[in-house]
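Residue numbering for the sequence shown follows our numbering, starting at 1 and increasing by one per position.
Where is the CB? At the ideal position from N, CA and C, for every residue including glycine.
The next block holds one structure in the form of structure tokens; read it before the comments.
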Amino acid sequence: SADYHAGTFQAFGELGSRLDTASVSFEPYANLAYVNFNADGFTEHGGAAALSGKDRSSDTTFTTIGLRASTAFPLGSVNTTARGGIGWRHAFGDV
Numbered sequence: 001s002a003d004y005h006a007g008t009f010q011a012f013g014e015l016g017s018r019l020d021t022a023s024v025s026f027e028p029y030a031n032l033a034y035v036n037f038n039a040d041g042f043t044e045h046g047g048a049a050a051l052s053g054k055d056r057s058s059d060t061t062f063t064t065i066g067l068r069a070s071t072a073f074p075l076g077s078v079n080t081t082a083r084g085g086i087g088w089r090h091a092f093g094d095v
């Protein structure tokens, strides 16, 4: 057995601007996210098969640029909205 602790932290933000046409709304956007991961080292006790691991830490930043689109339409008697999007994400740091 071993005592093991790990944790993560994340912060993010996004900017976008909605552009409406007669039938479709478009939203170009850009976002930025930061993720930190920390894990303590550990040593198992209890025989020849006991494992050990070192402390680990990583910092990764993600950027995404993309476009979302949506359109509203009736589906029988229900007002429905279809949404979709596409984006390009780049990760840098401890990847």
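Item, Value
"Cα separation between residue 20 and residue 3?", "55 Å"
"Of all the options 53, 8, 30, which has the alpha carbon lying nearest to the alpha carbon of residue 16?", "30"
"Grab me the residues of residue 23's own chain with a C-beta within less than 8 Å of its C-beta, minus the 5 sequence neighbours each way, in chain order.", "71"
"Would you grab the beta carbon distance between residue 39 and residue 6 for me? Rounded to a whole angstrom, and I think it's under 8 Å.", "4 Å"
"Whole angstroms are fine: how far does the CA of residue 89 sit from the CA of residue 56?", "25 Å"
"Taking the straight line between their C-alpha atoms, what separation do you get for residue 12 and residue 75?", "36 Å"
"How would you write the range of the beta strand (DSSP E) that residue 71 sits in, first residue to last?", "56-75"
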